[in-house]
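S.K.: Going by our numbering, 131 is the number at position 115 of the sequence shown; the sequence numbering is gapless. Dropping a structure here in structure tokens format, bear with me for questions.
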Amino acid sequence: MSATFITPRIQAPRAKVYAALLDPAAIAAWKVPDQMTCTVEAFDARVGGDFRITLAYDLPAGNGKTTPERDTYQGRFLELVPNERVVELHTFVTDDAALQGQMTVTFTLEDAGTGTFLSAIHDGLPPGLSPEDNEVGWAMALRKLAAYLESPAAPSALR
């Protein structure tokens, strides 16, 4: 098992970043690598609440984890500390034993002047998931989160 760790600075206050981690519409907009589309199928943002998310490749890739064109993961919220921390448990929906197992994703928020440092740790990666590819995908998604929150078009509750 391995992990990835990314710490972007987002030009938005912690409360807005925290809200975007728990808003299903925001999740659909940012929690997805480039060349993929995110569909939030279930999302109960409370400790013990479940979620299910599917990422679909924009172009047929043939290397999805659930089907050749899709990656579906599900999980639950383990910890929610307002404006400070979100801990999620993830599992891929897959028949591939090399991609099975529980992963923990921890987001920690810290003030960074007028913005926020977001530490994202993805721990317990299964052996079939390349840490390098995972880091690239998470970096893409977190860039989208920053752009989403920094955009004048972001919902006013998240700006």
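We treat Cβ as the ideally placed atom computed from N, Cα and C, and that holds for glycine.
1) Run through the stretch 35 to 119 for me and flag every whole beta strand (DSSP E) of 3 or more residues, listed as ranges in chain order.
2) Cα separation between D112 and P168?
3) Keeping to the same chain, check which residues put their C-beta closer than 6 Å to that of E100; ignore five residues upstream and five downstream.
4) G144 by DSSP, collapsed to three states: which one?
5) Could you tell me the boundaries of the beta strand (DSSP E) in which S18 lies?
6) Since S167 sits in a beta bridge, which residues does DSSP pair it with?
7) Classify A162 as helix, strand or coil using the three-state DSSP reduction.
M.R.: Reading from the atomic positions:
1) 52 to 59, 66 to 73, 86 to 97 and 101 to 108
2) 42 Å
3) L125
4) coil
5) S18 to I22
6) Partner(s): none; S167 has no beta bridge.
7) helix
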